[in-house]
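In UniProt numbering, the protein residues as written are 1 to 105.
Each residue gets a CB set at the ideal place from its N, CA and C atoms; glycine is no exception.
In what follows, a structure is listed as structure tokens, so that the remarks can point back to it.
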Amino acid sequence: MRLYSSRLPWYIDIRASNPIGATIGDVFTGLYTSLNTPIQKDDYYNEELDDADRYKLREAWEERCHDASERSCGVRRVDFLRGKIGFEGLVRGKDGMWEVKTRRQ
1 MRLYSSRLPW YIDIRASNPI GATIGDVFTG LYTSLNTPIQ KDDYYNEELD DADRYKLREA
61 WEERCHDASE RSCGVRRVDF LRGKIGFEGL VRGKDGMWEV KTRRQ
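See the structure below:
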């Protein structure tokens, strides 16, 4: 099962723990694992992101991090959602994929 969001430059691949198909637990575990991943330097400094985009990412990172230990882990993929971390659901999308819908909490 492949998920995407217009705010994320990556796909999120969900691995089914059951031969019949993915469970709700698989979806939430996959989302958490993917979005909790620290980004790489190339994810931050590339042609797709300009200074304004990097500023928004930094704002999201600062909003998410409440202490020094959290800040020391750096920007994570979840920061690309720019504060829209409330899960609304999945919508059938293009090419058999599912779009992740989020909102500001």
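Practice prompt. Decide if Asp95 is buried, meaning its Cβ has at least 16 other Cβ atoms within 10 Å, or exposed.
Written response: exposed
Worksheet item: Which stretch, first to last residue, makes up the alpha helix (DSSP H) that contains Phe28?
Response: 24-35
Worksheet item: Per DSSP, Asp13 forms a beta bridge with which residues?
Response: Arg2
Worksheet item: DSSP puts Pro19 in a beta bridge; with which residues?
Response: Answer by DSSP bridge pairing: none, since Pro19 is not bridged.
Discussion item. Can you list, in chain order, the residues of its chain with a C-beta nearer than 6 Å to that of Arg104? Leave out the 5 residues immediately preceding and following it.
Written reply: Gly83, Lys84
Worksheet item: What is the rounded straight-line gap between the Cα of Lys56 and the Cα of Ser72?
Response: 18 Å
Worksheet item: Do Val78 and Arg64 come within 8 Å of each other at the CB atom, strictly closer than that value?
Response: yes
Practice prompt. Check Arg71 in the structure and name its three-state DSSP category.
Written response: helix
Practice prompt. Pick helix, strand or coil for Leu81, following the three-state DSSP scheme.
Written response: helix
Worksheet entry | Distance, Asn46 Cα to Val100 Cα | 24 Å
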